[in-house]
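Undergrad:
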Amino acid sequence: MTGIPKGERRASGVYSQLAGPPPNNREIIYFDEAKDDIDYVTLHNILYFIYIGCVNLPFTKDGAEEKHPDGYPGIPDAFRLFRSAHKFKLPLLRDRCLFYLDQGLTPQIAVERLFHPECESYDTLKNLYFDYLVANYDEVKETKEWERALTNDDDISPAAARFRARLLFDISKRLSTLAKAPQ
Amino acid sequence: MLYEVWKKLHIETWQNTSYKFARLLLDPTVGDVTFVVRNGSRLLGRLYAYKSILAANNEYFAKREMNNILHLFVGFKTPTALIEPAHEQYSSPHDPAEAGESSPSI
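The listed protein sequences derive, respectively, from chains A and B.
Numbering-wise, our numbering comes out as the position in the first sequence, counting from 1, plus 149.
Numbering-wise, our numbering comes out as the position in the second sequence, counting from 1, plus 1.
(1) Who are A:Tyr179's beta bridge partners in DSSP?
(2) Hey, is A:Arg297's beta-carbon within less than 8 Å of any beta-carbon in chain B?
(3) Short of 8 Å Cβ to Cβ, which residues in the stretch 55 to 66 of chain B face chain A?
(4) Please check the pair B:Ala50 and A:Leu196, which I expect to be a contact at CB under 8 Å, by giving their CB distance rounded to whole angstroms.
(5) Using the C-alpha atoms, what's the distance from B:Leu45 back to A:Val204?
(6) Would you kindly report the start and end of the unbroken alpha helix (DSSP H) that includes A:Leu392?
(7) Give, in chain order, every unbroken run of the beta strand (DSSP E) that is at least 3 residues long and sits entirely within the stretch 195 to 280 of chain A.
(8) How big is the Cα-Cα spacing for A:Ala330 and A:Arg315?
(9) Looking at C-beta atoms only, is the number of pairs between the stretch 310 to 329 of chain A and the stretch 254 to 271 of chain A that lie closer than 8 Å three or more?
(10) Residues of the stretch 227 to 248 of chain A in Cβ contact with chain B at a cutoff of 8 Å, in chain order, please.
(11) Could you pull out every residue in the same chain whose Cβ sits closer than 8 Å to the Cβ of B:Thr18, ignoring the five residues on either side in sequence?
(12) Comparing C-alpha positions only, which one of A:Tyr221, A:Pro222, A:Ile187 and A:Glu269 sits nearest to A:Arg311?
(13) Mind checking if A:Leu274 is an interface residue toward chain B, Cβ cutoff 8 Å exclusive?
(14) Comparing the CB of A:Lys329 with every heavy atom of the ligand PLP, is any distance shorter than 7 Å?
(15) Pull up the distance between the alpha-carbon of A:Ile320 and that of A:Ala328, whole angstroms please.
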């Protein structure tokens, strides 16, 4: 939180307001705290989607290089856009993000995102990464991301550590079940 | 053939109109709500929108407009809160960039 003048309120928690009577009742909403969990490109995509139903999540690699008109939003972090779509109650956008996230999965990305503390709140995402990880375990176990998750190298909160421990337990349980299953 | 031409024309017209319409998000002279994204005190960008469009197309903003007590989400402000700061002592915006915010040329 930075120097907010008297008369303003925060976006997080309650709301924000420009100091002094806003001209023409224009309301100002600030997003500037970690818990807002949104950046400029993400917000631009969210508003763009609400306005005209489009976002800049290219379906192909060529799509990323496609030229867009002035004012078109940049390519967002799909994971963050998914979280924002959830928060802003945009199920269509959430599904669009999910599709995008599913398409670009690699063992590294799956591990990194599954063990991301934010993943805990989204069962759909958690299941997506969990299933991918189990299905591709032979590749996953060779990645640095997996090593980091196992050795708890990241500086994370106790709650995030518990989430990780739970995940590791569930993964080992699933792998063990699969190993026992008749071929 | 004619149908294809019509379809192409329709899509292009729609897209061009949409883009023009959506470009308003970047125009500080329009809209009745400004979204300011900052990293600490560093301004990352502003976006401008019409509450009515947001409310018409999105449940989050619709509820925000209609339900005075619903401000569970980030950025929610009740009509009461719009009036409330009038009781507080005003001070000037905290950075020059924000100062420009107070007088959008509508």
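We put the beta carbon where it would ideally sit given N, CA and C, even for glycine.
TA: If we stick to the structure as given:
(1) B:Val37
(2) no
(3) Leu55, Asn58, Asn59, Glu60, Tyr61 and Phe62
(4) 6 Å
(5) 20 Å
(6) Outside the shown range of chain A (150 to 332) lies residue 392 of chain A, about which nothing can therefore be said.
(7) none
(8) 23 Å
(9) yes
(10) Lys236, Phe237, Lys238 and Leu239
(11) none
(12) A:Glu269
(13) no
(14) Looking for the ligand PLP in the displayed structure turns up nothing, as the structure carries no ligands at all.
(15) 12 Å
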